Structure formats: C-alpha cells, structure tokens
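Notes follow the structure.
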Amino acid sequence: MSIAHKIEQQGLRKGWYEEDLKIARRMLARGADCGYMKDVIGLSDQDLLNLED
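The sequence shown begins at 18 in the working numbering and counts up by one.
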C-alpha cells in the first residue's frame with residue numbers, strides 16, 4: 018500500500034468517524050439510549066461521554 022493510499026484511507030476513516038459523531042449528537046438530542054447508540058453506531062463509552070459534555 019502506498020503512502021498516498023494510506024493517507025487517503027486515514028482521511029476516509031476520520032470522515033466516517035466525524036459523521037458518526039454527528040449522528041450520535043442528533044440521537045442524543047432526541048433522547049436515544051447510550052447503550053443503543055453504542056450498538057448501532059459503534060462508538061466507545063468515551064466518545065459518548067465526550068458528546069455529553
């Protein structure tokens with residue numbers, strides 16, 4: 018795998034993670050359960066705690 022490909026993959030992963038955070042924020046605003054969000058989105062406990070701050 019080339020360096021350019023690795024950088025591209027890192028960028029994609031970061032974008033997907035940021036989109037997951039946006040979805041989680043919307044779900045929290047609508048009262049979704051954190052356990053459900055972890056299962057559906059795949060975020061960690063720490064990710065969810067950071068969103069609640």
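Just so it is clear, CB atoms sit at the ideal spot from N, CA and C, and this is done for glycine as well.
Small disclaimer: the values here were computed from a predicted structure and weren't measured.
DSSP three-state label for residue i, please.
i	result
M44	helix
A49	coil
Q54	Note that residue 54 is Met in the sequence shown here, rather than Gln. It is helical.
G32	helix
L66	helix
L38	helix
List the whole-angstrom C-beta distance separating residue i from residue j, where the pair is believed to meet the contact cut-off of C-beta under 8 Å.
i	j	result
L66	L38	The pair is not a contact, with the Cβ atoms about 12 Å apart (cut-off 8 Å).
G58	I40	Reading off the sequence shown, one finds Ile at residue 58, where the question assumed Gly. Contact flag correct, Cβ pair sits at about 6 Å.
Exercise. Using 8 Å as the threshold, is the stretch 44-52 in touch with the stretch 23-34, meaning 3 or more CB pairs across them?
Worked result: no
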